[in-house]
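Numbering (our numbering), first residue to last: 947 to 1758.
From the three backbone atoms N, C-alpha and C, an ideal C-beta is built for every residue, glycine too.
Here the structure comes first, spelled out in structure tokens, and everything after it is commentary.
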Amino acid sequence: MPEKTYDHNEIELKWHERWKDDSLYKAEENSTKPKYYVLEMLPYPSGALHIGHIRNYSIGDALARYMWMRGYNVLHPMGWDAFGLPAENAAMKNQRPPREWTLANIEKMKRTHRRFAFSYDWDREVTTCEPEYYRWNQWFFLRMLERGLAYRKKALVNWCPLCATVLANEQVVDGCCWRHEGTPVEQRALEQWFLRTTAYADALLNDISQLEGKWPERVLTMQRNWIGRSEGAEVDFTLDGYGPVRVFTTRIDTIYGATCLILAPEHEIVRTMASPEAQAHAKKMIDARATQGLGDVEKEGCDTGLTAINRFSGERIPVWVGNFVLMGYGTGAIMAVPAHDERDFEFCTKYGINIRPVIRPVDGALADVPLNEAFGNYGVVENSGQYSGMPSAQARKEMAAHAEREDFGKAAVTFRIKDWGVSRQRYWGTPIPVIHCEKCGVVPVPDDQLPVLLPQQIQITGKGRSPLDEVPEFVNVNCPQCGEPARRETDTMDTFVDSSWYFYRYCDPKNTTAPYDSKKIDYWFPIDQYIGGVEHAILHLIYSRFWTKVMRDIGLTTCDEPVRKLFTQGMVIRNGTKMSKSVGNVVAADDVADKHGADSARLFALFAAPPEKDVDWIDAGVEGVYRFLGRVFRFVTRNVDAPGGDGSADKDVLRKLHQTLQRITEDFDSRWHFNTSIAQMMELVNVLYAEESRISAAAMRQCLEILTLMLSPFAPYVTQELWQEMGNEGAVIKQSWPAFNADLARATDVEIPVQINGKLRTRITVPVGLDKAALEAAARADQSVATLISTATVVKVIAVPEKLINFVVRPN
RNA sequence: GCCCGGGUGGCGAAAUCGGCAGACGCAACGGACUUAAAAUCCGUAGCCUCGCAAGGGGCGUGCGGGUUCAAUUCCCGCCCCGGGCACCA
947 MPEKTYDHNE IELKWHERWK DDSLYKAEEN STKPKYYVLE MLPYPSGALH
997 IGHIRNYSIG DALARYMWMR GYNVLHPMGW DAFGLPAENA AMKNQRPPRE
1047 WTLANIEKMK RTHRRFAFSY DWDREVTTCE PEYYRWNQWF FLRMLERGLA
1097 YRKKALVNWC PLCATVLANE QVVDGCCWRH EGTPVEQRAL EQWFLRTTAY
1147 ADALLNDISQ LEGKWPERVL TMQRNWIGRS EGAEVDFTLD GYGPVRVFTT
1197 RIDTIYGATC LILAPEHEIV RTMASPEAQA HAKKMIDARA TQGLGDVEKE
1247 GCDTGLTAIN RFSGERIPVW VGNFVLMGYG TGAIMAVPAH DERDFEFCTK
1297 YGINIRPVIR PVDGALADVP LNEAFGNYGV VENSGQYSGM PSAQARKEMA
1347 AHAEREDFGK AAVTFRIKDW GVSRQRYWGT PIPVIHCEKC GVVPVPDDQL
1397 PVLLPQQIQI TGKGRSPLDE VPEFVNVNCP QCGEPARRET DTMDTFVDSS
1447 WYFYRYCDPK NTTAPYDSKK IDYWFPIDQY IGGVEHAILH LIYSRFWTKV
1497 MRDIGLTTCD EPVRKLFTQG MVIRNGTKMS KSVGNVVAAD DVADKHGADS
1547 ARLFALFAAP PEKDVDWIDA GVEGVYRFLG RVFRFVTRNV DAPGGDGSAD
1597 KDVLRKLHQT LQRITEDFDS RWHFNTSIAQ MMELVNVLYA EESRISAAAM
1647 RQCLEILTLM LSPFAPYVTQ ELWQEMGNEG AVIKQSWPAF NADLARATDV
1697 EIPVQINGKL RTRITVPVGL DKAALEAAAR ADQSVATLIS TATVVKVIAV
1747 PEKLINFVVR PN
């Protein structure tokens, strides 16, 4: 058969049409096959897929296709993280309702998804802005409310003036809004809804051990740091004329060295009891904190005029306010031990407050403790009454026990993680399903009245409070309890709620009576492989873990953790910076597909670098893999029915073929270095070109089929076309992954480098399987080796079978 | 400041367990085909150096040391780049 020209447009269009009904990728509901759930993070429907998305999906899709071919029942779904601020901004700009804008974007992006032939089961598509989905957000919220896991409090919250809404702590980056770099977040006191993530702080931390080795270590480290468990003690100091002031410390063993107490500027006692000057100062510090945000801030403080008594020593010490003490951590008050804490040292030095060492090094004296810096190590406690002479660890225990006995303190654990603030003063999100009644207070919307629907007709001005406040039909309701007129809650939920459980919904996407049927979850969960960007290491992945634990405790799943294995792929870089709309260096997926085809775009996304590494997008690089696909296409089409050569190259070619197959199979099973998998196939094709005329018809057939099958997870269109060209029936994805033949893969001869004193001098070819002695004999028997060592005395011979031989010699 | 990654040709990278550094690809150069170009096919190529040539020698994985017959790989000390955390008491 004459060689054909590789026309990617024709081929991709043809198979795109045939695959339209999607029946190929349906996950089976009652299957005897082993299951495999592979998931890529769902995108925000911004309007267009770019090449960063393509990389993410190409990794997942190659894996999904491989697992199909390995005989697994694969669940590979896709959906849309469809709530969020951009839709509202677009609505303001274009006078287009957010829903309309969002759904149009989804249609557009879905077309691109299909164009790239990602093997999704679209019957399971989830769109989080649709009532069928978000009603279950509301349902979950009510379950959490019943269990005290959702609650409302007035709190200082992070407010982004540009978003005109509250942000979660996780959404504040360097004191600025995560979406508006350089816009400092302000602190405002508002009534807000929170989810009690702190109730699961210990569980979230402990269960990280279940993820060890299966999630990237740095993600686990980031989560551990974020949770920030810290063991210490709470202790009361007695404030003259007031009563106890509680502090949290990890170093209660240094308490005899406490020379003052420092309160956060927001601390209640500052407001109620401090001197007027101190109150004014504190106010300034609070305001400054709201605007300065970034970086290191000079420590600042002010004496409140109050004094407090140390219950251990009976000593009376001054009480200060300090800008570096955080209201949101511990109790909002600390005891300052300048001799043993760097920050306290800095503060007390600045204001001339006493520095008194009470810890000495285990092998030193108290007098050796330097007074020009803080000595923060553990050691032996001194000048501390009955505790003097104890090691730090013992003192920590005994002092906490003493405080507890005397009822002025206890051993305590504090977490850095806070409860998750989920209120947003926005329109385009899940309405929080509660009603505020003058008489009954906060009343949950009854389950049978769910979903609380977002009103469709709405003017979004971007000014003032939540847009829902302006919709009387939405706001004005009757209280479900007493029937009197009441007001609906107008805050909506953080969109991270949507993505915290969407992967469960994929298992039962059309359920109208429950978020899903637990039996289906039991079959599919946990997710075997989750693939996404490392930027979600904390936010999304910690919320998802939290949600699963809550669901487990409600009895909705038996999983402790939703995700068994996590893979974080690298970013796609262009011109030295991360691809983003604002930089204007985005490469649209459709543009690449137009020019070189979806297959080439997918192939290059995987070929350019190992998947976990950042990759530079180079247009010329796509041309390289495009050429490769053309080479494959032409080679296969012209050899399909060729009479074949004399077979003199069969052995070498089949060895290369099976070695390649082995490597690619191993890469799928462990390393995922698809860049080398693809390079291996390129090498194979180079060999095929070189030996083309010396390959027999039978060996050629084997090469063509196996090459096509191996390449198919990466380039589904062209391989499908070739599969048909070869006269085969059916879809490539339904074929079995070829088994490599270890006998054929084995080499008979191996080239051994010969070193003299560690320097490469020549090479010899020997049969495989020679032991040390035989290898040395073979080397000595070689004429050029004999010449090389003849002028010196061989002192030692290092022979490593199938690797190398090294003669250590001394000149004569 | 602390905690992770990373640093290899002109470029993206490879070397899986301490054993031939630079596979594969891009860009480049030379040749074939072509009226010509594109496409395609074949070939050259780390750097320096000696030689008319065949061929030879030296250097080389951020820098400096160490272990070893042998180090991109292991150990110690630095430098640079990227990311995360950053008053968390």
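The DSSP-derived three-state label of R1192 is strand. For D1182, the enclosing beta strand (DSSP E) starts and ends at S1176 to L1185. For L985, the enclosing beta strand (DSSP E) has its first and last residue at K981 to E986. Contact check for R1070 against A1010 fails: the beta carbons are separated by 9 Å or more.
For W1493, the enclosing alpha helix (DSSP H) begins and ends at L1485 to I1500. For the set A1691, I1751, L1721 and S1464, the Cα lying nearest the Cα of R1707 is the one of I1751.
Contact between K979 and N1035 is absent: CB atoms are separated by about 46 Å, not below the 8 Å threshold. DSSP places L1750 in no alpha helix (DSSP H) but in the uninterrupted beta strand (DSSP E) bounded by L1750 to P1757.
The residue from A1179, K1229, V1388 and Y1476 with its alpha-carbon nearest to that of K1343 is A1179.
Check the Cα spacing between D1365 and each of W1172, W1374 and A1282: the tightest is with W1172. Beta-bridge analysis with DSSP links V1119 to C1122. CA-to-CA, the gap between A1050 and P1044 works out to about 10 Å. S1369 sits buried, since 16 or more C-beta atoms from the chains shown fall within 10 Å of its C-beta. Under DSSP, L1102 forms a beta bridge with A1135. For Q1701, the enclosing beta strand (DSSP E) stretches over residues D1695 to I1702. Short of 8 Å from the beta carbon of L1399, and not among the five residues preceding or following it, lie these beta carbons of its own chain, in chain order: P1077 and P1377. The DSSP-derived three-state label of L1399 is coil. Put simply, the backbone Cα of Y1146 is about 15 Å away from that of S1176.
Note that the C-beta distance between S1642 and G1673 is not below 9 Å. The beta carbon of A1483 sits closer than 6 Å to the beta carbons of V1165 and M1168 from its chain, once the five residues preceding and following it are set aside; these are given in chain order. When G1478, L1650, E1163 and P1211 are compared, the shortest CA-CA separation from A1228 is found for P1211. Non-local C-beta neighbours of L1512 in its own chain, meaning closer than 6 Å and more than five positions away in sequence, comprise W1161 and Y1476, ordered along the chain. Taking 4 residues as the minimum length, the alpha helix (DSSP H) runs contained wholly in the segment 1612-1686 are 1620-1637, 1643-1657 and 1662-1671, in order along the chain.
In this chain, the beta strand (DSSP E) harbouring D1249 covers G1247 to I1255. Secondary structure at D1562: strand, using DSSP grouped into helix, strand and coil. Excluding the 5 residues flanking it on each side, V1388 has same chain C-beta neighbours closer than 7 Å at R1098, V1380 and H1382, in chain order. Distance check between R1257 and each of I1198, W1068, V1304 and A1224 places I1198 closest, using alpha-carbon atoms only. By a beta-carbon distance limit of 8 Å, L1312 does not contact I1301. Their separation comes to about 13 Å. In the pairwise beta carbon analysis, the segment 1659-1678 is classified as touching the segment 1543-1551: at least three pairs are separated by under 8 Å. For the set V1265, F1686, L1657 and F1442, the Cα lying nearest the Cα of V1578 is the one of L1657.
Note on geometry: alpha-carbon atoms of P1508 and F1140 lie some 22 Å from one another. L1088 sits close to P1390, with the two beta carbons spaced by under 9 Å. For the options P1190, I1305, L1716 and M1038, the alpha carbon positioned closest to that of T1277 is the one of P1190.
The DSSP-derived three-state label of P1044 is helix. In this structure, the alpha-carbon of R1451 lies about 35 Å from that of E1675.
In the three-state reduction of the DSSP assignment, Q1475 falls in the strand class, which pools E and B.
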